[in-house]
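Student:
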Amino acid sequence: MTVPLLSVEGLKVGFGADPAANVVVKGVSFALGAGETLAIVGESGSGKSVTALSINRLVDFGGGRIVGGRIGLVRADGSLLDLTAADEKTLTGVRGRDIGMIFQEPMTSLNPVLTVGAQIEEAFFLSQGQRGETAAKAARQALDRVRIPDAARRLTQYPHQLSGGMRQRVMIAMALASNPRLLIADEPTTALDVTVQAQIMALLAELKRETGTAMIFITHDIGLVAGIADRILVMQQGEAVEQGTLEAVLDAPQHPYTRHLLQAVPHFTGGKSVRGDGKRTTAVAPIVSVDDLVVRFPVRRRLFGPADAVHAVDGVGFDLVPGETLAIVGESGSGKSTTARALLGLVRAQRGAIETHRTAGGRPIQMVFQDPFASLNPRLDVAALLAEPAIAAGRRVDAALRERMKALLARVGLPEDALPRYAHQFSGGQRQRLCIARALMLNPDVVVLDEAVSALDVSVQQRVLELLVDLQREFSLAYLFISHDMAVVERIAHRVAVMYAGQIVEIGAAAAVLSQPRHPYTQRLIAAVPAIDRRHQHFALDVTPVPSLVRPGGWEPPAAHWQEIGADHRVRLESPP
Amino acid sequence: MRVLKALLKHPSGRIGAAIIVLYLVAAGLGALGLTPHNALKQFPIDRLKPPSPSYWMGTDLLGRDTFSRLMLGIGQSLVVAFASVLGASVAGSIIGLFAAWWGGLWDSVLMRLTDVLLAFPAILLALLIIAIVGPGTYTSIAAIAIVYTPIFARVVRGPALSLKRRDFVDAARTFGSSQGYILTRHLLLNLVAPLTVQVTLALAWALLTEAGLSFLGLGTQPPAPSLGLMLADSKNLMQHAPWLMLFPGLTVMLGILGFNLTGDALRDILDPRTKARAA
């Protein structure tokens with residue numbers, strides 16, 4: 001029997017002053033052969049990152065201690081090294097040379113004041129002692145290897161001049177500089193857009209084939225691993241609850257938690273799981289109509305004439321009827337959040353009509369933000385947080401209002417004794433429920449949900465989505481649901497609008513848009529969504545640059561031409577007939 | 578309450594708090610007239626007596642008890658320090674908040690004005706103001722307040738700028754909350770921690786500035802006792818009666834130490850980054 005490249009046996013890692021008493025990884029064992037890819041899947045706090053960071057002992061710098069077990073690594077010269085017992089000097093040699101690492105956030109892992117070229121050359125110097133012309137040549141080849149076009153020019157640029165996907169490619173190039181035998185990727189695509197994520201996944205899969213590097217891929221998204229992993233390890237609360245081959249774990253999960261993960265994570269099914277309720281009828285008048293909304297941010301003033309501007313939102317129009325969810329999907333920078341903020345008056349629209357048809361008083365549109373930690377004032381208790389919309393509307397905080405607070409808290413599933421507590425005493429999911437309760441205080445007609453479930457763990461996300469659907473039925477709320485997550489959109493939307501570069505390119509009934517996307521961008525977006533049944537799939541590498549939204553002053557987009565596909569499905573024509 | 582408990586647990590905070598309490602007690606007793614001797618009455622027979630069981634810190638040229646005069650002097654200094662810091666923190670917070678909130682031209686104008694004030698050494702600026710208005714207790718309160726206002730404006734503006742962009746402020750706008758509500762509940766309430774630290778440290782500077790102004794004869798006017806005046810009176814008698822210089826000097830030093838220790842301790846306690854370690 002051959003010795004595997006990496007063998008982890010009974011790994012225990014603890015934190016704090018007494019690591020043995022505060023163990024977060026409780027005896028994990030696995031083995032990884034050369035060229036194999038192991039995916040470690042789990043929710044936040046499951047110990048998946050700590051396990052991976054223990055392998056190159058970076059966990060020591062985060063206050064962790066390995067309190068039990070052993071990690072055997074076969075080094076390049078064939079010797080077997082126990083990483084739990086290795087000293088810091090040996091470990092420095094192992095890190096970067098035998099084990100490469102890619103982190104989640106490519107902006108913070110690159111040095112902002114050095115050029116990309118200098119940083120890659122440093123990686124080559126440290127691992128192979130190359131410098132000067134040799135290192136520069138190696139750096140250029142490394143960028144070619146990670147498919148960065150125009151490598152020579154990119155080398156002279158600084159990290160902030162690159163897009164998120166490009167930066168992650170640079171990180172991969174640096175990690176591969178030493179031809180590591182093992183590559184650890186810690187949520188490498190979580191911070192990226194879905195089409196960019198597909199590109200990075202495709203790149204990792206190709207590089208794996210080219211170099212034969214073994215890989216440990218850490219992710220919270222079990223749908224993502226289908227395309228790349230050979231084996232899967234599922235972790236829950238510090239323990240490996242299940243491991244096996246890709247097919248075994250995905251098709252015949254043994255442990256209830258694995259089954260729960262597979263069910264809790266919404267999987268994109270191409271329009272087959274859209275909601276059946278609340279079909280739109282022409283009889284109901286829209287509650288909000290938006291027409292030709294334009295938001296521009298001036299960037300460079302000119303001496304004469306109008307300033308250049310970022311065309312964040314350019315001629316967007318839609319309407320919402322009571323009880324309906326319109327999802328706006330698109331990637332970061334597509335203008336979907338700006339549309340929402342313009343609707344609430346948080347940014348000023350240059351042009352366009354936002355008509356609300358409200359019979360009762362108060363503000364008809366309320367919003368729930370993405371980050372439940374940032375959208376609640378840490379210094380106010382729950383009673384004060386919930387009272388704010390009422391105070392803003394000129395109401396007194398009286399017994400009736402307190403009754404309404406208690407009723408709403410109960411309705412969103414929070415304990416009644418929450419009123420005197422502060423936001424930091426709640427979990428992320430509870431805080432988001434609190435934000436929802438606050439938005440509902442004054443009976444709005446429309447709630448804008450700006451990536452409202454994106455920051456939550458999958459099982460929490462599922463329950464918040466269910467709550468949102470229940471509330472929608474109960475109060476006949478209209479939702480404007482802004483998200484980059486197609487699987488979530490599929491579950492909650494009645495209609496979908498796809499935004500690209502500040503414009504809606506396709507809009508219509510969710511089932512129609514998601515199952516038969518017509519616009520090339522919608523098709524690209526949907527093809528990039530990871531899915532459990534796409535095994536070892538090869539995405540074609542696509543390096544189409546995103547169009548710049550900075551336009552010269554006075555520039556107006558060409559008039560939109562729409563093609564009607566079905567009863568409620570239209571697509572923008574890129575080249576008008 | 579929680580902060581007070583943490584302060585008493587903090588090693589240097591405990592010492593600082595003890596000094597401040599001691600000074601407050603001394604000033605309180607002095608204000609009630611509960612001094613060992615009459616601080617203002619002259620006893621020509623007991624001129625320049627060294628410290629003794631009767632006169633704990635000796636007497637001055639006019640036979641007045643140094644200890645009793647110190648008690649009154651501490652009261653006088655604390656009144657000036659507290660009043661001026663109160664004025665500076667209120668004015669500075671308002672300027673800082675509005676500069677951050679309105680931004681643009683308002684921010685530039687207000688901040689350049691504070692830059693101008695900050696460019697002068699504190700004591701020189703106070704001297705300039707007193708030279709224009711004339712010496713006295715109220716003038717020194719006003720002068721010290723004006724000198725320290727820009728520091729508070731700076732301390733408030735920075736964090737207010739970042740708070741202004743937080744999601745909960747955006748959320749408040751979507752409810753239609755008034756500017757006053759947002760400024761007080763969302764910005765100011767979150768600035769309590771840095772302001773508390775700054776107030777404590779400013780009290781130390783104000784104490785020193787008050788002593789300096791009185792020493793120059795521009796603060797408290799005789800015959801009212803003040804720490805600075807007592808130091809000024811002692812300077813010609815340094816060799817004959819060193820206690821006249823020693824005790825007021827030590828009192829000023831100890832007072833500044835007390836406020837500084839408390840300020841440092843509060844910074845440790847209120848800073849969220851060190852909170853985890855303390856807990």
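Here the protein sequences come in this chain order: Z and S. Position 383 of the first sequence, counted from 1, bears residue number 383 in the working numbering, the numbering being contiguous throughout. Position 261 of the second sequence, counted from 1, bears residue number 838 in the working numbering, the numbering being contiguous throughout. C-beta: ideal position from N, C-alpha, C; glycine also.
#1: Along the beta strand (DSSP E) that carries residue 605(Z), what are the first and last residues, could you check?
#2: By the three-class DSSP mapping on this structure, what secondary structure does residue 441(Z) have?
#3: Does residue 371(Z) have its Cβ less than 8 Å from a Cβ in chain S?
#4: Give the range of the alpha helix (DSSP H) segment to which residue 777(S) is assigned.
#5: List, in chain order, every chain S residue whose beta-carbon is nearer than 8 Å to that of residue 366(Z).
#6: By the three-class DSSP mapping on this structure, what secondary structure does residue 415(Z) have?
#7: Taking C-beta pairs closer than 8 Å, name the residues in chain Z that residue 623(S) reaches, listed in chain order.
#8: Grab the span of the alpha helix (DSSP H) containing residue 648(S) for me, first residue to last.
#9: Against chain Z, which members of the stretch 603–630 of chain S pass a CB distance test of less than 7 Å?
#10: State the start and end residues of the unbroken beta strand (DSSP E) segment that holds residue 260(Z).
#11: Compare the C-beta of residue 763(S) with all C-beta atoms of chain Z and state if any pair is closer than 8 Å.
#12: Measure the beta-carbon distance from residue 792(S) to residue 647(S) and round it to whole angstroms, keeping in mind my assumption that it falls under 8 Å.
#13: Taking residue 578(Z) as part of the alpha helix (DSSP H), name the residues at either end of that continuous run.
#14: Run the CB neighbour count on residue 479(Z), radius 10 Å, all protein chains shown included, and call it buried at 16 or more, exposed below.
#15: Check the C-beta distance from residue 767(S) over to residue 740(S) and give it rounded, since I have them as a contact under 8 Å.
#16: Are residue 59(Z) and residue 12(Z) closer than 8 Å when you measure CB to CB?
#17: Should residue 483(Z) be flagged as near chain S, meaning a C-beta pair shorter than 8 Å?
#18: Would you mind telling me which residues of chain Z sit closer than 8 Å to residue 755(S), beta carbon to beta carbon, in chain order?
#19: Could you spell out the range, first to last residue, of the alpha helix (DSSP H) harbouring residue 115(Z)?
#20: Is residue 258(Z) near residue 234(Z), with beta carbons less than 8 Å apart?
#21: Count Cβ pairs between the stretch 796–813 of chain S and the stretch 670–684 of chain S that sit closer than 8 Å; are there 3 or more?
#22: With residue 789(S) and residue 700(S) assumed to form a contact (beta carbons below 8 Å), what rounded beta-carbon distance in angstroms separates them?
#23: Could you name the residues of the same chain whose beta carbon sits closer than 6 Å to that of residue 397(Z), not counting the 5 residues immediately before and after it, in chain order?
#24: Can you give the Cα-Cα distance for residue 65(Z) and residue 42(Z), rounded to whole angstroms?
#25: Taking contact to mean at least 3 C-beta pairs separated by less than 8 Å, is the stretch 409–419 of chain Z in contact with the stretch 342–349 of chain Z?
#26: According to a CB-to-CB cut-off of less than 7 Å, which residues of the stretch 736–750 of chain S neighbour chain Z?
#27: How far does the alpha helix (DSSP H) with residue 715(S) in it reach, from first residue to last?
#28: Tell me, please, whether the stretch 561–570 of chain Z touches the stretch 500–511 of chain Z by the rule of three or more beta-carbon pairs shorter than 8 Å.
#29: Does the stretch 324–335 of chain Z come close enough to the stretch 402–409 of chain Z to have 3 or more Cβ pairs within less than 8 Å?
#30: What's the call for residue 761(S), buried or exposed, on a 16-neighbour Cβ count within 10 Å?
#31: Whole angstroms is fine: what's the gap from residue 702(S)'s alpha carbon to residue 841(S)'s?
#32: Could you check the C-alpha separation between residue 649(S) and residue 687(S) for me, to the nearest Å?
#33: Figure out for me which residue from 21(Z), 110(Z) and 174(Z) has the closest Cα to the Cα of residue 97(Z).
#34: Does any CB atom of chain Z fall closer than 8 Å to the CB of residue 766(S)?
#35: Check this for me: beta carbons of residue 652(S) and residue 643(S), under 8 Å apart or not?
#36: Going by CA-CA distance only, name the one from 218(Z), 77(Z) and 351(Z) that's closest to residue 312(Z).
Tutor: Reading it off the structure:
#1: No statement about residue 605(Z) is possible, as the shown extent of chain Z runs from 1 to 577 and does not include it.
#2: In the displayed model, residue 441(Z) falls within coil according to three-state DSSP, outside both helix and strand.
#3: When Cβ-Cβ separations below 8 Å define contact, residue 371(Z) makes contact with chain S.
#4: Counting along the chain, the unbroken alpha helix (DSSP H) around residue 777(S) starts and ends at 769–792.
#5: Residues of chain S whose Cβ lies closer than 8 Å to the Cβ of residue 366(Z) are, in chain order, 751 and 752.
#6: Residue state for residue 415(Z) is assigned as coil, using DSSP reduced to three classes.
#7: Close partners of residue 623(S) in chain Z (Cβ separation under 8 Å) are lacking, with about 57 Å as the shortest Cβ gap.
#8: First-last of the alpha helix (DSSP H) with residue 648(S): 643–679.
#9: None of the residues of the stretch 603–630 of chain S has a beta carbon lying less than 7 Å from any beta carbon of chain Z.
#10: Element bounds for residue 260(Z): not the beta strand (DSSP E) but the alpha helix (DSSP H), 256–264.
#11: So, interface residue.
#12: The distance from the Cβ of residue 792(S) to that of residue 647(S) is about 15 Å, inconsistent with a contact at the 8 Å cut-off.
#13: This structure does not reach residue 578(Z), given that chain Z is present from 1 up to 577, and the question cannot be answered.
#14: Taking every protein chain shown into account, the CB of residue 479(Z) has 16 or more other CB atoms within 10 angstroms, so this residue is buried.
#15: About 6 Å; that satisfies the 8 Å criterion.
#16: No. Outside cutoff.
#17: No, residue 483(Z) does not count as interfacial toward chain S.
#18: Residues of chain Z whose Cβ lies closer than 8 Å to the Cβ of residue 755(S) are, in chain order, 392.
#19: No alpha helix (DSSP H) contains residue 115(Z), which DSSP labels as neither H nor E.
#20: For the pair residue 258(Z) and residue 234(Z), the CB atoms are nearer than the 8 Å cut-off.
#21: With fewer than three CB-CB distances shorter than 8 Å, the stretch 796–813 of chain S does not count as touching the stretch 670–684 of chain S.
#22: The pair is a contact, with the Cβ atoms about 6 Å apart (cut-off 8 Å).
#23: The beta carbon of residue 397(Z) is closer than 6 Å to those of 387 in its chain, skipping five residues each way along the sequence.
#24: Rounded to whole angstroms, residue 65(Z) and residue 42(Z) show a C-alpha spacing of 21 Å.
#25: Using a Cβ-Cβ distance cut-off of 8 Å, the stretch 409–419 of chain Z and the stretch 342–349 of chain Z are not in contact, since fewer than three pairs of beta carbons, one from each stretch, lie closer than that value.
#26: Cβ contacts with chain Z come from 743, 744, 745, 747, 748, 749 and 750.
#27: Annotation: the continuous alpha helix (DSSP H) that includes residue 715(S) extends over 714–741.
#28: Of all C-beta pairs linking the stretch 561–570 of chain Z to the stretch 500–511 of chain Z, three or more are shorter than 8 Å, placing the two stretches in contact.
#29: At 8 Å Cβ cutoff, the stretches do not touch.
#30: Exposed is the call here.
#31: Approximately 27 Å, taken between the alpha carbons.
#32: Rounded to whole angstroms, residue 649(S) to residue 687(S) spans 39 Å at the Cα level.
#33: By alpha-carbon distance to residue 97(Z), the top candidate from 21(Z), 110(Z) and 174(Z) is 174(Z).
#34: With 8 Å as the cut-off, residue 766(S) counts as an interface residue toward chain Z.
#35: Cβ atoms of residue 652(S) and residue 643(S): not closer than 8 Å.
#36: The candidate whose alpha carbon is nearest that of residue 312(Z) is 351(Z).
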